[in-house]
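**Q** Attaching a single structure in structure tokens format; questions to follow.
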Amino acid sequence: MASTENSEVLMSVQNLKVHFEIEHFQHQGIRDVFISAFTHPVEYLFKQPEYLYVIDNVSFDLRRGMRLGILGVNGSGKTTLCRCLAGMMRAQQGKIISSSEIRAIFDTGTGVLHELTGRENAFLLARMFFPEVKDLKPLVNEAIAFSELGHFIDVPFRQYSKGMQSRLLLSLISAKVTDILILDEVFDGADIFFQEKLANRMKAFIEKAGATIFISHSLDQIRKVCNQIAVMDRGKIIFNGDLEEGIKIYIEMEKRAF
172 MASTENSEVL MSVQNLKVHF EIEHFQHQGI RDVFISAFTH PVEYLFKQPE YLYVIDNVSF
232 DLRRGMRLGI LGVNGSGKTT LCRCLAGMMR AQQGKIISSS EIRAIFDTGT GVLHELTGRE
292 NAFLLARMFF PEVKDLKPLV NEAIAFSELG HFIDVPFRQY SKGMQSRLLL SLISAKVTDI
352 LILDEVFDGA DIFFQEKLAN RMKAFIEKAG ATIFISHSLD QIRKVCNQIA VMDRGKIIFN
412 GDLEEGIKIY IEMEKRAF
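The number in my numbering is simply the position in the sequence shown, starting from 1, with 171 added.
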């Protein structure tokens, strides 16, 4: 496996922090509120808010050719991090430095109109994914053929199973090379055959250009797609490196969690 250590940096994440204010709901009557306000007025009026850090001082470089798998138990901050990288959320602190083209899928139902057919949705999404492409027909037709949906492509999207949705969206988003591709647990609904087929397509996709950030709870998928692992715990990246070593750390975390 070729090293990406000295390859071009497509994105640099520096000391990223995302927090939410913790609201305390106390079951107090009016009498208790007045007592608190009058006995400790300074503390009552100027009480400092408490914050929950979902992303806590995260830094890493994403280089060309990297297929970075992000592992962590639920609530570790994986999706929040990826939403920040995709420009869908703003961090309170830190920087994301990148001039790269980024495409991201977080949910196979995002951006689709369920009353339209798969084909109509494919063209609708293609306009969003590939605004620089003037003639979308060849690109969309290739993605449809790859998805192997057959006559279901002209069936309303609302009748699609989760696996069929995954087939169409993943075939479409990987139809044209991009700098950075972010996939958050979108393989999980696809059937095993298509997972293998798509993994081969994604491998060829990455070898041509760009990098991928991949979130999945399936270690088999992680092994097929990724060449490096970042392990997250409570908003921090506690490991970033070798694939198998990262998987071992994640497995130990899961054992402790349960």
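By construction, the Cβ of each residue, glycine as well, lies at the ideal position given by its N, Cα and C atoms. The structure displayed is predicted, hence computed values, not measured ones.
Output the distance between the C-alpha atoms of K426 and E286, rounded to the nearest integer angstrom.
**A** Distance between the alpha carbons of K426 and E286: 43 Å.
**Q** According to DSSP, simplified to helix, strand and coil, what is V227?
**A** One point to set straight first is that residue 227 is Asp, not Val, in the sequence displayed. Strand.
**Q** Within a Cβ cutoff of 8 Å, which residues of the same chain sit near N292, ignoring the five residues on either side of it in sequence?
**A** The answer, listed in chain order, is V283, L284, F328, L339.
**Q** For the region 221-285, which segments carrying the beta strand (DSSP E) assignment without a break, of at least 3 residues, lie completely within its bounds, in sequence order?
**A** Correct list: 221-234, 238-242, 264-268, 273-276.
**Q** According to DSSP, which residues form a beta bridge with T383?
**A** For T383, which the question treats as bridged, DSSP gives the partners R238, L352.
**Q** Please classify F191: is it buried, with 16 or more other beta-carbons within 10 angstroms of its beta-carbon, or exposed?
**A** Exposed: under 16 other Cβ atoms inside 10 Å.
**Q** Identify which residue in F231, K188, Q330, G243 has its Cα closest to the Cα of D355.
**A** Of the candidates F231, K188, Q330, G243, the one whose C-alpha sits nearest the C-alpha of D355 is G243.
**Q** Pairs of beta-carbons, one from the region 374-392 and one from the region 288-304, closer than 8 Å: are there three or more?
**A** With the cut-off at 8 Å, the region 374-392 and the region 288-304 do not touch.
**Q** Determine the DSSP secondary structure at P327, reduced to helix, strand or coil.
**A** Correct three-state label for P327: strand.
**Q** Rounded to whole angstroms, what is the Cα-Cα separation between G240 and T210?
**A** Looking at the two C-alpha atoms, the distance is approximately 53 Å.
**Q** Cβ of I193 within 8 Å of Cβ of Y224?
**A** No, the Cβ-Cβ distance between I193 and Y224 is not below 8 Å.
**Q** Looking at I268 and S183, is the spacing between their C-beta atoms short of 8 Å?
**A** Taking 8 Å as the Cβ cut-off, S183 and I268 qualify as a contacting pair.
**Q** Leaving out five residues on either side along the sequence, give the residues of the same chain with a beta carbon under 6 Å from the beta carbon of T250.
**A** Taken in chain order, the residues that qualify are D355.
**Q** Note down, in chain order, each residue of its chain lying with its Cβ closer than 6 Å to the Cβ of S318, except the 5 sequence neighbours on either side.
**A** Correct list, in chain order: R338, L339, S342.
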